[in-house]
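Per UniProt numbering, the very first residue in the sequence shown carries number 1; after that it's consecutive. Here is the structure we will look at, set down as structure tokens.
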Amino acid sequence: KAPDGRDIKVETVNSDAVTKTFLLEEQQVGISNYGQDMINGVPMASYIGSFIEEALVSADDVATIPKKLIDYFRDFAPKADAGFHVVGYKKEQRISVPYVFRCHVANNKVERRNVRPNKSIAYGASWSGQTDILTSIINPVIIKDEKGQEKVIRAPAPIIWDAMTLQDAI
Numbered sequence: 001k002a003p004d005g006r007d008i009k010v011e012t013v014n015s016d017a018v019t020k021t022f023l024l025e026e027q028q029v030g031i032s033n034y035g036q037d038m039i040n041g042v043p044m045a046s047y048i049g050s051f052i053e054e055a056l057v058s059a060d061d062v063a064t065i066p067k068k069l070i071d072y073f074r075d076f077a078p079k080a081d082a083g084f085h086v087v088g089y090k091k092e093q094r095i096s097v098p099y100v101f102r103c104h105v106a107n108n109k110v111e112r113r114n115v116r117p118n119k120s121i122a123y124g125a126s127w128s129g130q131t132d133i134l135t136s137i138i139n140p141v142i143i144k145d146e147k148g149q150e151k152v153i154r155a156p157a158p159i160i161w162d163a164m165t166l167q168d169a170i
């Protein structure tokens with residue numbers, strides 16, 4: 001706490017070995033978490049394990065799990081600065097359709113990330129949490145020269161987003 005009583009948010013990195021990705025084998029869904037990694041002194045991985053055991057049923061799929069996940073965490077930690085990416089495929093008219101959701105507990109938000117305004121599927125990459133490192137790789141670095149003109153000193157990496165594979169993303 002600050003001297004005036006305000007809460008101070010301090011970022012700490014627990015470890016590079018913290019479990020951040022989870023496979024829900026029965027539902028064929030993947031979850032990754034970002035943001036706050038401990039709630040009430042308990043690692044997020046423990047809570048996600050409990051969520052899988054306590055809240056899910058066989059009929060759940062990639063379309064139902066994101067809202068259930070946020071509701072689960074909001075029951076005991078509604079202000080947690082924690083988010084998730086929930087991904088998987090859902091059969092629609094005999095075709096496996098990819099679903100990518102970004103969810104956030106404190107914002108009570110679930111949004112599908114891989115659809116365009118015209119409802120077509122968008123392929124690419126999505127990231128959240130500490131985005132500064134990745135963003136610095138993909139955004140150009142621009143400075144102003146002595147004449148006030150913008151000058152690119154480092155161009156962004158040429159990334160073909162529509163061809164991004166999971167292996168490349170990791």
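Note that beta-carbon positions come from the ideal geometry of N, C-alpha and C, so glycine has one too. These numbers were taken from a predicted model, which means no experiment stands behind them.
query	result
Give the DSSP bridge partners of Pro43, in chain order.	Met38
Based on DSSP bridge pairs, tell me the residues matched to Tyr89.	Pro98
Excluding the five sequence neighbours on either side, which residues of its own chain have a C-beta within less than 8 Å of the C-beta of Lys151, listed in chain order?	Ile142, Ile143, Lys144, Asp145
Would you identify the three-state DSSP class for Leu69, choosing helix, strand or coil?	helix
To the nearest angstrom, how far is it from the Cα of Ile70 to the Cα of Gly148?	47 Å
Smallest Cα separation from Asp61: which of Ile48, Arg113, Lys91, Arg116?	Lys91
Which whole-angstrom value is the C-beta distance of Tyr72 and Ala45, which I expect to be below 8 Å?	Wrong, their Cβ atoms sit about 14 Å apart, outside the cutoff.
For Val97, which residues in the same chain have their Cβ closer than 6 Å to its Cβ, ignoring the five residues on either side in sequence?	Lys90
Whole angstroms is fine: what's the gap from residue 187's alpha carbon to Arg94's?	Summary: the structure shown does not reach residue 187, with the chain confined to residues 1 through 170, and so no result is reported for it.
Among the candidates Asp81, Ala77, Phe76, Pro66, whose CA atom is the shortest distance from the CA of Val87?	Pro66
Taking the beta carbon of Val29 as the centre, do at least 16 other beta carbons fall within 10 Å, making it buried, or is it exposed?	buried
Keeping to the same chain, check which residues put their C-beta closer than 7 Å to that of Phe51; ignore five residues upstream and five downstream.	Leu69, Tyr72
Quickly, what does DSSP pair Lys144 with across the bridge? List them, please.	Glu150
Could you tell me if Ile153 is buried or exposed, where buried requires 16 or more neighbouring beta carbons within 10 angstroms of its beta carbon?	exposed
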